[in-house]
Structures are given as C-alpha cells and as structure tokens.
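Trainee:
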Amino acid sequence: MVLEKLVPVRFALKNPWVMFVNGIVISLTCLFISFFVFESSVGLVTTLLITIAMMPFMLNLTIYHEAREEEIIAARTEPNLIRRHGDILKVYTAFFLGMILSFSLAYLLLPEAISYKLFRDQIDTINAIRGGATFASTFERILTNNIGVLLLSFFFSFLFGAGAIFILSWNASVLSVAIGSLAKTIGGIRALPIAVLPFLPHGSLEILAYFIGGISGGLISAAITRRASKQFWPVVRDSLGLLVISVLLLVVAAIIETIEIMM
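Written as structure tokens, this is what we have:
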C-alpha cells in the first residue's frame with residue numbers, strides 16, 4: 064500500500080504529527096469519494112473507505128508494537144503498563160484528531176445542502192441520541208452503551224488485527240458533526256475551539272478507552288499469530304490489563320456525562 068511506503072511504522076511512532084496530517088488527508092479524500100460515488104450513504108461508506116485505507120498500516124503497526132512489547136517485557140525495562148503503549152496511543156490520537164479537524168471544517172465551511180448530504184448518517188445518529196437524552200439516560204444506560212462500543216473496538220481488533228479503526232473513524236465523524244453543529248450556533252468557525260470544550264470532560268476519556276481497547280484486542284490478535292513466543296502469556300495478561308483500564312475510564316466518563324445531563 065502507498066501509505067505504508069510513504070509513512071513507515073517506525074517513522075510514525077517517532078513522528079506522530081505525520082499521522083495527524085494523514086488523518087486530515089485520508090478522511091477528506093474518503094469523504095469526497097463517498098459523496099461522488101456513494102451518495103445514498105456517504106457517512107457509512109466514508110468510514111468503510113477510511114478503514115480500508117488504514118487497515119494495512121494499522122495492522123503493521125499492531126504487529127510491530129506487539130513484537131516490541133514482548134522485548135520490553137522480557138527485558139523488564141518499563142514496568143508501567145500505560146507508558147509501554149504510549150507511542151502507539153500517540154499515533155491513534157494524532158490520526159483521530161486529524162479526522163476530527165477535517166470533518167469539523169468540512170461540516171462548517173461547505174454549503175448547508177452539501178454538508179447535510181455528506182453527514183446525513185451522522186446527523187441522524189446525533190438526533191437519535193438527543194432524542195433519547197431523557198430521564199432514562201442514566202449512568203447505567205450511558206455505561207452500557209459505551210462498554211458496548213468498547214467491546215466492538217476490542218473484538219474488531221482481535222478478529223481483524225486493526226479493525227478498531229472502523230469504530231474510531233465513525234466516532235470521529237459523529238463527534239465532528241456534533242462539534243460543528245455547536246460551533247454554527249455560537250459563532251461559526253471562530254467558535255470551533257470553544258465548541259470542543261463541552262465534549263472534552265467525558266468525550267476524551269471515552270475515546271481514550273476505545274483507543275486502549277482497540278490496542279488490547281490487536282495485541283492479543285498479534286500474540287496469537289506469534290504464539291510460539293515465550294512472552295505470549297505476559298502479553299495476553301498486559302492486554303487484559305489494558306481492557307480493565309478501558310472499562311475504568313468508561314466508568315469515570317459515564318459519571319461525568321451523567322452529571323452533565325442532570326445539570
């Protein structure tokens with residue numbers, strides 16, 4: 064794939080800003096291809112195209128990271144679980160932020176009729192969420208929904224090596240439309256930084272949990288393909304530890320979001 068040649072995994076890990084640029088370029092490219100070729104369901108097809116474009120790179124990233132994880136565990140050079148996965152988290156975060164920026168700007172800057180066609184699926188999703196934001200939107204409901212997304216991220220990565228990119232791409236597009244909609248109501252593109260703020264307290268924790276869950280599933284998947292390694296079970300143990308951390312993050316995020324709804 065072209066992306067793998069232009070941005071080698073090791074270079075991306077050392078220079079995560081490159082993935083931010085990739086997030087912008089790839090998401091906009093897939094968005095407009097979807098608009099001209101698959102106009103009936105642009106939002107979902109955009110997510111699928113991003114997944115297809117990024118899958119080879121993310122799969123190589125996961126395999127490389129799992130191999131390095133085995134080396135670190137064997138050498139016992141980094142006891143901190145989160146720090147061992149800091150580099151790959153930066154890559155996920157940079158790519159996600161690139162998608163957020165590009166989708167938000169596209170939603171804000173394009174004419175209303177075009178932006179609606181581009182993001183109709185996301186708008187429908189947001190309206191459904193808002194429609195359900197009544198008294199029933201309690202802590203339990205929020206947490207159950209978020210854990211469901213986490214498990215999808217985990218199992219997609221476990222089954223396909225890097226399948227969590229589908230979940231992350233879709234969440235990026237939905238969040239971008241929510242941010243863009245708020246920005247439109249409070250001042251347009253200049254208000255974009257302010258429009259991000261309401262989503263930061265709980266949203267950042269949720270997205271981080273999905274990142275970690277995806278990495279966890281990918282590590283187990285890669286470890287199984289290399290099961291002859293002596294570090295197989297330590298890697299599996301670490302992966303399950305990451306999954307537990309993801310759940311704890313979602314519990315905190317659900318508490319924060321519940322408080323926001325009740326206010």
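Position one of the sequence shown corresponds to residue 64 (our numbering), numbered consecutively onward. Just so you know, even glycine gets a beta-carbon here, dropped at the ideal spot from N, CA and C.
#1: Please determine, among Phe158, Thr140, Leu144 and Lys247, the residue with the shortest C-alpha to C-alpha distance to Phe120.
#2: Here's a check: name, in chain order, each residue in its chain whose Cβ is nearer than 6 angstroms to the Cβ of Gly161, leaving out the five neighbours to either side.
#3: Thinking C-beta only, is Thr109 closer than 7 angstroms to Cys93?
#4: Any chance the region 298-317 sits against the region 237-251, with 3 or more Cβ pairs inside 8 angstroms?
#5: Under 7 angstroms between the Cβ atoms of Val259 and Ile242?
#6: Which residue's Cα is closest to the Cα of Ile228: Ile96, Leu111, Val72 and Glu129?
#7: How about the region 208-220 and the region 268-284: do they share at least three Cβ pairs that are nearer than 8 angstroms?
#8: What is the rounded straight-line gap between the Cα of Leu303 and the Cα of Ser279?
#9: For Ala75, does the count of other Cβ atoms within 10 angstroms reach 16, so buried, or fall short, so exposed?
#10: Exposed or buried, Thr125, counting other C-beta atoms within 10 Å across all chains shown (16 or more means buried)?
#11: Of all the options Pro142, His128 and Ala285, which has the alpha carbon lying nearest to the alpha carbon of Leu153?
#12: By the 10 Å Cβ neighbour count, where 16 or more other Cβ atoms means buried, how is Asp187 classified, buried or exposed?
#13: Which residues bound the alpha helix (DSSP H) around Thr110?
#14: The alpha helix (DSSP H) spanning Phe217 covers which residue range?
#15: Helix, strand or coil for Leu173, going by three-state DSSP, please let me know.
#16: Would you identify the three-state DSSP class for Gly250, choosing helix, strand or coil?
#17: Taking the alpha carbon of Gly251 as the point to measure from, which residue in Ser167, Val237 and Met118 has its own alpha carbon closest?
#18: Is it right to say Ala137 is buried, meaning 16 or more other beta carbons lie within 10 angstroms of its own, or is it exposed?
#19: Give the straight-line distance between the Cα atoms of Thr288 and Ala176, rounded to the nearest whole angstrom.
#20: Which residues in the same chain have their Cβ closer than 7 angstroms to the Cβ of Gln294, if we skip the five residues on either side of it in sequence?
#21: Given this structure, state the Cα-to-Cα distance separating Ile319 from Arg300, to the nearest angstrom.
#22: The alpha helix (DSSP H) with Glu323 in it runs from where to where?
#23: Residues in its own chain within less than 8 angstroms of Glu102 by CB, not counting five upstream and five downstream?
#24: So what's Thr197 in DSSP terms, helix, strand or just coil?
#25: Using the rule of at least 16 other Cβ atoms within 10 Å of the residue's Cβ for burial, across every protein chain shown, is Met325 buried or exposed?
#26: I need the DSSP call for Gly266, collapsed to helix, strand or coil.
Mentor: Per the coordinate set shown:
#1: Nearest option by C-alpha distance: Phe158.
#2: Excluding sequence neighbours, Gly161 sits near Phe83, Gly86 and Ile87.
#3: Closer than 7 angstroms, so yes.
#4: Result no; under three Cβ-Cβ pairs closer than 8 angstroms.
#5: Yes.
#6: Ranking Ile96, Leu111, Val72 and Glu129 by Cα distance to Ile228 puts Leu111 first.
#7: Touching, yes.
#8: Per the coordinates, the alpha-carbon of Leu303 lies some 7 angstroms from the alpha-carbon of Ser279.
#9: Buried, by the Cβ-count rule.
#10: Per the 10 Å Cβ criterion, buried.
#11: Reading the sequence as shown, one finds Lys at residue 153 and not Leu. Closest option to Lys153, Cα to Cα, is His128.
#12: Result: exposed.
#13: In the DSSP assignment, Thr110 falls within the alpha helix (DSSP H) that extends over Val105 to Ala138.
#14: Membership of Phe217 in the alpha helix (DSSP H) is indicated by the continuous run Phe202 to Phe223.
#15: Here Leu173 sits in coil by DSSP.
#16: DSSP, reduced to helix, strand and coil, places Gly250 outside both helices and strands of the structure shown, so it counts as coil.
#17: The shortest Cα separation from Gly251 among Ser167, Val237 and Met118 belongs to Ser167.
#18: With fewer than 16 other Cβ atoms within 10 Å, it is exposed.
#19: Whole-angstrom Cα-Cα distance: 48 angstroms.
#20: Counting only Cβ-Cβ distances below 7 angstroms, and skipping sequence neighbours, we find Glu133, Ile136 and Ala137.
#21: Annotation: Ile319 to Arg300 spans about 29 angstroms, alpha carbon to alpha carbon.
#22: Per DSSP, the unbroken alpha helix (DSSP H) holding Glu323 starts and ends at Phe295 to Met325.
#23: Closer than 8 angstroms at Cβ, skipping near neighbours: Lys180.
#24: Bear in mind that a pLDDT of 48 at Thr197, under 50, signals an unreliable position, so the number given afterwards is only what the model happens to contain. Residue state, collapsed to three classes: coil.
#25: By the 10 Å Cβ count, Met325 comes out exposed.
#26: DSSP places Gly266 in the helix class (H, G or I) of the three-state scheme.
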